[in-house]
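Enquirer:
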Amino acid sequence: MSSDNGTKVPLSATAFLGRCPACGCGNIFKHFIVVRERCEPCGQIMGGHDSGDGPVAFIVLIAGFAVLIPALIVEVKYSWPIWLHMLVWLPLAAFLSIGLIRPFKGFLLALQYRYRRHEFDSRS
C-alpha cells in the first residue's frame, strides 16, 4: 500500500484539528465526536468510515499512565489520604480522556483515509 494518495494535506493538520483528510478545509465532526456524513467543501463521504472504539484504547493507555505515575509518586512521597487522591486524579483522568478523544478519533480517521483510500473512493 502506498501512502502517496495525491493529497498535499499533512496528516497531523487533518487529524488533530479535525479537518477533512481529503481537502484539509472542512470539519469532519458534526458534534463533539460524531463524524459528518460528507465534507462540505469537497464532498468526500466520511460517515461510513467511523473509527469506532479504536481511539479509546490509546486514550485509556495514555490517560492511565499520565495519571497513574504521578499518583503513585505522590502516594509514596507524601502519603495523601484517599479522598485527596480522588479529588485530584479522577478529574484529571476525566479531562484527559475527554480532551483526547476528538484528536485521536480524527487521527485514526485520517490514517484510514490515507491507507485505505480505495474504500473512501468507492463510497464517493
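For the sequence shown, numbering that gives the first Met the number 0 gives the first residue as 0, with consecutive numbering after it. Note that the Cβ used here is the ideal one computed from N, Cα and C, for glycine as well.
Pull up the CB-CB distance for F57 and F15, whole angstroms please, since I reckon it's below 8 Å.
Expert: Locating residue 57 in the sequence shown gives position 58, where the first residue counts as 1. Locating residue 15 in the sequence shown gives position 16, where the first residue counts as 1. Not a contact, Cβ separation roughly 13 Å.
Enquirer: Helix, strand or coil: which one does DSSP assign to D27?
Expert: Within the sequence shown, residue 27 is the residue found at index 28, counting from 1. Asp is not the amino acid found at residue 27; the sequence shown has Ile there. Reduced to three states, the DSSP call for I27 is coil.
Enquirer: With a cut-off of 8 Å, do at least 3 Cβ pairs link the region 87 to 107 to the region 51 to 68?
Expert: yes
Enquirer: Between A12 and A93, what straight-line distance do the alpha-carbon atoms span, to the nearest angstrom?
Expert: Counting from 1 along the sequence shown, the entry for residue 12 is found at position 13. Counting from 1 along the sequence shown, the entry for residue 93 is found at position 94. If you take the alpha carbons of A12 and A93, they lie about 25 Å apart.
Enquirer: Considering only the alpha carbon of each residue, which of W88, H84, I27 lies closest to M45?
Expert: Walking along the sequence shown from the start, residue 45 turns up at place 46. Here the closest residue by C-alpha is I27.
Enquirer: Return yes when the Cβ of L108 is within less than 8 Å of the Cβ of V55, no when it is not.
Expert: As a first step, residue 55 is located in the sequence shown; it is residue number 56 there, counting from the start. As a first step, residue 108 is located in the sequence shown; it is residue number 109 there, counting from the start. No, these two residues do not count as a Cβ contact at 8 Å.
Enquirer: Let me check one thing: in DSSP terms, what residues is R101 bridge-paired to?
Expert: Residue numbering aside, residue 101 sits at position 102 when the sequence shown is read from its first letter. DSSP output for R101 lists no bridge partner at all.
Enquirer: Please look up how many angstroms separate the CB atoms of L91 and V73, rounded, as I've assumed it's under 8 Å.
Expert: Stepping through the sequence shown from its first residue, residue 91 is reached at position 92. Stepping through the sequence shown from its first residue, residue 73 is reached at position 74. 12 Å between Cβ atoms; not a contact.
Enquirer: Look at the Cβ atom of A70, then the Cβ atom of W82, and state whether they are nearer than 8 Å.
Expert: Within the sequence shown, numbered from 1, the residue matching residue 70 stands at position 71. Within the sequence shown, numbered from 1, the residue matching residue 82 stands at position 83. Taking 8 Å as the Cβ cut-off, A70 and W82 do not qualify as a contacting pair.
Enquirer: In whole angstroms, what is the alpha-carbon distance linking R37 and V75?
Expert: Numbered from its first residue, the sequence shown carries residue 37 at position 38. Numbered from its first residue, the sequence shown carries residue 75 at position 76. Between R37 and V75, the C-alpha separation is close to 51 Å.
Enquirer: Just the Cα atoms here: how many angstroms apart are E39 and G23?
Expert: Walking along the sequence shown from the start, residue 39 turns up at place 40. Walking along the sequence shown from the start, residue 23 turns up at place 24. Cα to Cα, E39 sits roughly 11 Å from G23.
Enquirer: So, using beta-carbon positions, are C146 and G17 closer together than 8 Å?
Expert: Limits of the chain in this structure are 0 at one end and 123 at the other, which puts residue 146 out of reach.
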